[in-house]
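The numbering of the sequence shown is the numbering used here, which starts it at 1 and goes up by one.
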Amino acid sequence: MNSELKQKLQQVAIRHCRRFCLSCYVPAVNGRCPECHSDDLAFERAGSGVDWSVDFVIEELLQENLTPVDLDSMFEESMRDCYSDSISIGFLKNIDVCDAIRSIDPVAWDIARSEFESFEESDERIVSFDGGGTYYSTDDVEEYVVNNLP
Ligand SMILES: [Zn+2]
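And the structure:
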């Protein structure tokens with residue numbers, strides 16, 4: 001994924017965290033643990049959790065603030081753009097082209113859908129922070145970052 005965008009998201013996420021000493025299990029607000037004086041600190045998000053990386057905070061912030069893209073609908077739309085909306089098969093008229101492909105060859109449909117997903121991702125129109133479980137529009141994520149950084 002786009003590393004510049006990821007970096008900016010990390011900056012946003014850090015603003016939602018405080019530093020935390022995992023060895024002593026206490027907050028370390030001034031950059032050092034008040035007990036062991038270590039500066040090897042994790043990130044804590046109040047009400048959520050603690051980790052060495054802020055990746056979990058990025059996922060939470062996106063979930064809380066953005067709506068994931070509906071890849072099924074996007075794929076259907078692109079299929080309808082490529083082919084006509086409705087087709088005729090024999091005496092059947094006005095059949096939805098997506099319904100037709102799905103019922104005639106569901107495996108081919110799934111393959112084409114996953115190729116569509118890879119294509120959208122490699123073109124950076126969609127972006128995932130959980131390894132492809134949830135996708136967001138790159139534009140939405142960029143807008144979120146712009147609105148949440150000073
Ligand atoms: Zn400590």
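Just so it is clear, CB atoms sit at the ideal spot from N, CA and C, and this is done for glycine as well.
Bridge pairing for Pro27: Phe20 [DSSP]. By the criterion of a C-beta distance shorter than 8 Å, Glu35 is surrounded in its chain by Cys21, Cys24 and Val26, once the five residues flanking it on both sides are discounted. About 15 Å separates the beta carbon of Phe56 from that of Arg19, a gap too long to meet the 8 Å contact definition.
DSSP, reduced to helix, strand and coil, places Arg102 within a helical segment of the structure shown.
Considered as a whole, the region 39-110 harbours 55-65, 71-82 and 97-104 as its complete alpha helix (DSSP H) runs of no fewer than 4 residues, in chain order.
Per DSSP, Asn147 is one residue of the alpha helix (DSSP H) stretching across Thr138 to Asn148.
The beta-carbon separation of Ile126 and Glu120, rounded to 5 Å, stays under the 8 Å limit for a contact.
Note on geometry: alpha-carbon atoms of Ile14 and Val54 lie some 7 Å from one another. Our two residues, Cys17 and Trp52, have alpha carbons roughly 11 Å apart in a direct line. In this structure, the CA atom of His37 is about 22 Å from the CA atom of Gly49. C-alpha of Asn94 to C-alpha of Ser3: approximately 46 Å in a straight line.
Cβ neighbours of Lys8 within its own chain (closer than 7 Å, five residues either side excluded): Val145 and Leu149. In this structure, the C-beta of Ala42 stays at least 8 Å away from each heavy atom of ligand 1.
Here Thr138 is buried: its Cβ has 16 or more other Cβ atoms, across all protein chains shown, within 10 Å. Under the 10 Å beta carbon count, Leu92 is surrounded by fewer than 16 other beta carbons and is classified as exposed.
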